[in-house]
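First comes the structure, then the notes that go with it.
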Amino acid sequence: MSYTIDTLFDDLPGANGFHGKDILKVAQFSRDELTYIMALGERMREVVESSGGLDLLKHRLMAALFYEPSTRTSASFIAAMERLGGSVIPITQGVQFSSVSKGETLGDTVRTLAQYADAIVLRHPEIGSAAEAAHYAPVPVLNAGDGAGEHPTQALLDLFTIQQELGQIDGLTVAMVGDLRFGRTVHSLTQLLLNYDVGFRFVSPEILRMPLAIANQVRDHGAEMRETYDVHEVIEEADVLYVTRVQKERFSDLAQYEEVKGYYIVDPELLTKAKEKMVVMHPLPRVGEILEAVDDDPRAAYFRQVRNGLYIRMALLAAVLR
Amino acid sequence: MSYTIDTLFDDLPGANGFHGKDILKVAQFSRDELTYIMALGERMREVVESSGGLDLLKHRLMAALFYEPSTRTSASFIAAMERLGGSVIPITQGVQFSSVSKGETLGDTVRTLAQYADAIVLRHPEIGSAAEAAHYAPVPVLNAGDGAGEHPTQALLDLFTIQQELGQIDGLTVAMVGDLRFGRTVHSLTQLLLNYDVGFRFVSPEILRMPLAIANQVRDHGAEMRETYDVHEVIEEADVLYVTRVQKERFSDLAQYEEVKGYYIVDPELLTKAKEKMVVMHPLPRVGEILEAVDDDPRAAYFRQVRNGLYIRMALLAAVLR
Amino acid sequence: MSYTIDTLFDDLPGANGFHGKDILKVAQFSRDELTYIMALGERMREVVESSGGLDLLKHRLMAALFYEPSTRTSASFIAAMERLGGSVIPITQGVQFSSVSKGETLGDTVRTLAQYADAIVLRHPEIGSAAEAAHYAPVPVLNAGDGAGEHPTQALLDLFTIQQELGQIDGLTVAMVGDLRFGRTVHSLTQLLLNYDVGFRFVSPEILRMPLAIANQVRDHGAEMRETYDVHEVIEEADVLYVTRVQKERFSDLAQYEEVKGYYIVDPELLTKAKEKMVVMHPLPRVGEILEAVDDDPRAAYFRQVRNGLYIRMALLAAVLR
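Protein chains in written order, with our numbering: chain W, 1 to 322; chain S, 1 to 322; chain V, 1 to 322.
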């Protein structure tokens with residue numbers, strides 16, 4: 001199946017709802033909208049696999065405004081825009097040395113860039129900065145991470161990966177492993193998954209447990225949920241093993257870190273206990289929490305997950321800018 | 001009205017004069033050439049508004065060589081080249097760490113880049129560097145600011161903004177407000193305006209008055225001119241209020257700064273005394289000299305002014321490279 | 001002669017051998033392959049001169065992953081990809097501040113980028129890093145310099161320049177002048193030239209002589225070779241004068257540096273003794289070892305050599321990605 005600019009959006013209910021919209025937080029999406037974005041992501045996968053890209057956004061410009069470096073995220077958005085036939089203004093370094101250091105507000109900076117570009121992808125270290133930018137910008141703002149706040153495109157690509165790998169989301173048991181306290185990605189993914197009928201397993205050291213606010217949200221939704229310290233206790237029932245890094249620096253008592261770290265490492269032996277059809281995910285970069293020996297296991301999906309980031313960001317840019 | 005590559009330059013007298021030329025300083029332009037550039041800028045506005053861009057400079061490359069960061073200017077030139085269908089080699093960071101740190105001359109650097117690109121946009125901290133680059137480069141050099149020297153594309157977009165906002169330039173009273181001593185933009189704009197029948201009002205603290213050389217140039221041209229300390233004295237007669245920042249650091253006596261700063265701040269109350277059809281401009285970034293409360297006033301043109309930078313740079317690149 | 005996407009590769013023996021391959025080191029090329037790459041480079045020259053570029057690699061993406069800055073090399077690869085109609089993800093600054101600083105391996109970084117891009121151009125300070133990247137990446141890796149290791153595209157453009165300037169390679173006498181000990185470019189070019197019937201002259205200070213391993217390789221090939229301290233001794237017989245910089249810092253005894261430095265400087269007087277049809281080359285940047293007074297001599301080929309880098313990199317990207 002090959003799509004053209006004319007047929008790309010055919011038969012996609014909700015296709016018009018995103019035009020001109022900002023992409024700021026996971027809570028903005030209804031289940032229907034998630035279905036729409038994922039269907040469009042699937043079509044983007046077909047387009048890239050068959051011909052590399054298309055000319056949907058020819059003569060359209062995306063400004064990539066990164067107040068902190070993020071090679072992975074900026075590369076993914078740039079690739080998405082280029083494969084859609086558009087162009088990019090990369091402002092991925094040194095923002096702090098230019099206008100901004102002269103005291104310009106974020107509002108003025110985005111209003112300026114909006115004179116040049118048709119959309120602004122923003123990475124900023126402060127919570128709420130994406131919403132602030134969207135308030136001022138006359139063009140769509142896509143939040144590429146605002147500090148400890150949100151990183152909605154990561155959560156969407158995570159959701160899309162589960163759908164792509166397992167063919168469904170309803171009915172699954174999703175285990176999240178590692179640093180659930182500070183891990184922005186697991187918070188956002190959990191919220192997205194509350195749109196579905198999913199069971200949760202939260203696996204972390206005591207000091208890195210899922211924040212009460214989110215745990216309560218899960219409980220209020222009536223979703224099945226269990227917390228534990230050891231990944232071995234959930235490995236057999238998990239359909240999804242979403243791994244994040246446990247940083248040594250989080251522990252004031254290093255002896256405690258040494259004691260528990262093995263509970264959160266994925267190696268081939270652990271996977272012998274897992275279902276044959278399950279999926280290991282990780283937002284990357286990893287630093288030892290998934291061994292390289294796991295990479296060739298067909299269940300190791302983290303690089304396909306990266307690829308899905310391309311498709312989902314293509315879908316979002318196309319939906320917002322077409 | 002929609003233009004194609006074939007009709008874009010039709011009926012524009014002087015269309016061929018810019019091919020292969022450098023854009024180095026405001027003094028290089030005759031009034032006819034200014035008319036031509038602004039007419040082409042107007043067409044670029046129509047192109048961008050109707051279709052986002054065109055394919056005039058397909059397979060042409062512009063090198064953006066920025067020895068000092070300038071998010072705004074580099075973004076504007078990059079956007080201009082991309083909307084013309086061309087591509088960009090962005091060298092907007094770290095020039096100092098590479099070849100240059102190995103002691104390469106500016107002449108060798110631009111001759112090298114000219115082997116890859118069809119035009120070079122240069123930002124450099126030293127006066128005269130753009131002319132030096134143009135001496136060596138076998139391709140057009142566009143000066144994007146050479147220290148305390150020139151920034152001709154800023155002056156052209158300022159002129160274009162007056163034309164676009166008020167429909168004419170002859171007969172206007174232009175008030176320049178703030179730091180007229182160190183403000184490169186007001187010096188260049190003043191020189192461009194001497195091609196027209198314009199009255200000047202220079203509003204600044206004593207220590208930041210317009211340099212004698214430029215004030216004398218204005219007088220020698222027989223243009224009407226008046227200097228004052230307080231913007232309130234000119235607000236009623238001004239057709240253009242061109243505001244720049246009065247930097248605290250310029251004052252050795254901070255008490256003096258506190259005393260006068262209110263003379264140079266634009267707020268809604270000030271605008272109640274202004275003509276109904278006038279225009280507030282600013283080269284941006286601003287830091288308090290125009291209050292945000294002014295932004296919604298239809299006379300507040302500074303973000304449209306930014307947008308005009310895109311059109312004027314498209315016009316210049318098209319004229320030089322087509 | 002003008003080429004289209006359909007005719008570009010016509011009649012080029014060996015055209016299919018490069019598809020999907022990595023470009024890692026000069027030793028990987030057979031003489032037939034060198035002939036092929038140079039023939040394709042010649043066609044790229046014709047394409048650029050006649051129309052600026054072509055659409056061969058439309059919708060294809062090249063990631064430029066530069067762990068150390070190199071304005072010249074990154075600009076050349078970016079220009080090559082853009083003139084082929086493709087697009088670029090520029091990661092030419094700050095890699096060290098992002099994922100990598102979080103401890104990600106090179107293998108994970110390139111596997112990540114390979115999800116977005118169709119080829120990866122890698123510059124890295126460590127020997128062997130390009131081969132390591134190629135081991136992990138599912139897409140072609142092009143080595144743009146791995147520390148003291150290889151910089152194969154520089155060697156290829158050097159070879160191509162000799163061919164373009166003198167119409168042949170067999171039968172020439174090639175003098176390499178300056179720092180032959182640490183100069184990566186002269187090592188690689190020497191190895192490439194061993195595919196041809198070439199005589200070598202190695203001209204350097206004692207402490208900067210060509211490494212024994214390479215000198216022995218030349219001898220084992222039965223190539224004619226002579227070493228000397230003074231460029232004046234070889235200037236009359238040289239067909240190619242390949243100049244590199246003698247860095248003051250290499251000398252522990254500065255008096256010694258002052259004594260010999262004149263032996264390695266190319267000035268108009270030296271060239272009066274040279275053949276009328278010969279060629280002066282330099283990998284650039286230069287810092288005084290070739291005087292500017294030489295630039296207008298028709299034998300001064302170093303800026304044309306830069307240009308040839310564009311054509312050779314276009315040829316390599318086209319061969320690997322088409």
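Glycine included, C-beta positions come from ideal geometry on N, C-alpha and C. Here the structure is a predicted model, which means the values were calculated and not measured.
The alpha helix (DSSP H) enclosing residue i, as first and last residue numbers
i      : result
V260/V : 254–260
L310/S : 302–321
L193/W : 184–193
E269/S : 268–272
H135/W : 129–136
E49/W  : 31–51
V294/V : Where V294/V is concerned, there is no enclosing alpha helix (DSSP H), given that its DSSP letter is neither H nor E.
P152/W : 152–166
R72/W  : 71–83
T7/V   : Run containing T7/V: none; DSSP gives neither H nor E here.
V287/S : Neither: V287/S is in no alpha helix (DSSP H) and is coded neither H nor E.
R111/W : 106–113
R219/V : 212–220
Proximity to residue i [Cα-Cα], best of the options
i      : options                        : result
R250/W : L291/W, L208/W, R219/W, L284/W : L208/W
A119/W : A144/W, G128/W, R286/W         : A144/W
I290/V : L34/V, F29/V, L271/V           : L271/V
P211/S : H187/S, E233/S, G222/S, V198/S : H187/S
Y116/S : A318/V, R31/V, R307/V          : R307/V
L284/S : K273/S, D253/S, A301/S         : A301/S
T185/V : G147/V, H221/V, G262/V, L166/V : G147/V
Q163/V : V287/V, L12/V, L40/V           : L40/V
S74/V  : T71/S, M81/S, E42/S, L113/S    : L113/S
Q247/V : F66/V, L194/V, I91/V, L180/V   : L180/V
T161/W : A79/W, L54/W, P205/W, H282/W   : H282/W
R72/W  : P90/V, S70/V, A134/V, R286/V   : P90/V
V279/W : T173/W, L317/W, L321/W         : T173/W
V110/W : P298/W, A133/W, H124/W         : A133/W
A155/S : R201/S, E236/S, A293/S, Y242/S : Y242/S
E224/S : V177/S, G171/S, Y257/S, I312/S : G171/S
I169/S : L317/S, R31/S, L12/S           : R31/S
L122/V : I78/V, L159/V, R83/V, G103/V   : I78/V
Any chain S beta carbon closer than 7 Å to residue i
i      : result
F303/V : yes
L106/W : no
G103/W : yes
Range of the contiguous beta strand (DSSP E) that encloses residue i
i      : result
S87/S  : 87–91
Y196/S : Careful: Y196/S lies outside any beta strand (DSSP E) and carries neither H nor E.
L65/V  : 61–66
Bridge-paired residues (DSSP) for residue i
i      : result
N324/S : Nothing about residue 324/S can be reported from this structure: the residues present for chain S run from 1 to 322 only.
A175/W : R201/W, L241/W
E227/S : F202/S
I23/W  : L142/W
M281/S : Y242/S
Chain W within 7 Å of residue i, Cβ atoms only
i      : result
Y136/V : no
L54/V  : no
L12/S  : no
T244/V : no
Y116/V : yes
R322/V : no
T228/V : no
Proximity test, Cβ basis, 7 Å: residue i and chain V
i      : result
R299/S : no
L310/W : yes
H124/S : no
R184/W : no
(message) Using a Cβ-Cβ cutoff of 7 Å, what residues of the segment 67–95 of chain W are near chain V? List them in chain order.
(response) P69, S70, T71, R72, A75, S76, I78, A79, E82, R83, P90, Q93
(message) Closer than 9 Å between beta carbons: that is the criterion. Which residues of the segment 259–291 of chain S meet it against chain W?
(response) L284, P285, R286, V287, G288
(request) Determine which residues of the segment 140–152 of chain W have a Cβ less than 8 Å from any Cβ of chain V, and write them out in chain order. (result) none
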